[in-house]
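J.: I'd like to ask some things about the structure below.
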Amino acid sequence: TELKAAQDALAKMEQETGARGLSREQAVTEVEALKKQVADDSKYISQVETALAEKKAEWKDRQDLRQGEQAAISKAISILHSDDARDTFKRSFASQGFLFLQEASTRRGASA
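Each residue of the sequence shown is one higher than the one before, counting from 330 in this note's numbering.
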């Protein structure tokens, strides 16, 4: 009976040791997988940060360009609405001897 109890205890201990070994192996595998995932995530974050910096620079350039365009349009409108421009247009039309005046209109409809 003592021999049987000792053999049972030995068998149980071997099973527990095997289970611990398996658990340790699984834990090591999981740790390695997590380390790889952290490395991949860090690489991805680095790429996103680089892309973000590039997009910010491009956006700043676009904003500066847009502001320049708006300033140029405002200047062109102010020039065209100035009194000098109106006087120039009047003299130009008067020197040509005619005005642009629509005298008639014809309408042609599509036949079905």
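Glycine included, C-beta positions come from ideal geometry on N, C-alpha and C.
Answer yes or no: do residue 414 and residue 408 have a C-beta to C-beta separation smaller than 8 Å?
T.: The residue labelled residue 414 in the question sits at position 85 within the sequence shown. The residue labelled residue 408 in the question sits at position 79 within the sequence shown. Yes. Within cutoff.
J.: Residue 434 by DSSP, collapsed to three states: which one?
T.: One-based indexing of the sequence shown puts residue 434 at position 105. Residue state, collapsed to three classes: coil.
J.: Going by DSSP in three states, residue 403 sits in which element: helix, strand or coil?
T.: Here the question's residue 403 lines up with position 74 in the sequence shown. Residue 403 falls in the helix class under three-state DSSP.
J.: Rounded to a whole number of angstroms, what is the C-alpha to C-alpha distance between residue 419 and residue 396?
T.: Taking the sequence shown and counting its residues from 1, one reaches residue 419 at position 90. Taking the sequence shown and counting its residues from 1, one reaches residue 396 at position 67. Using only the alpha carbons, I get a separation of about 33 Å.
J.: Helix, strand or coil for residue 330? Go by DSSP, reduced to three states.
T.: On the sequence shown, residue 330 is found 1 positions in, with the first residue counted as 1. Of the three classes helix, strand and coil, the one that applies to residue 330 here is coil, per DSSP.
J.: Classify residue 411 as helix, strand or coil using the three-state DSSP reduction.
T.: Reading the sequence shown from its first residue, position 82 is the one you call residue 411. Three-state DSSP puts residue 411 in coil, outside helix and strand.
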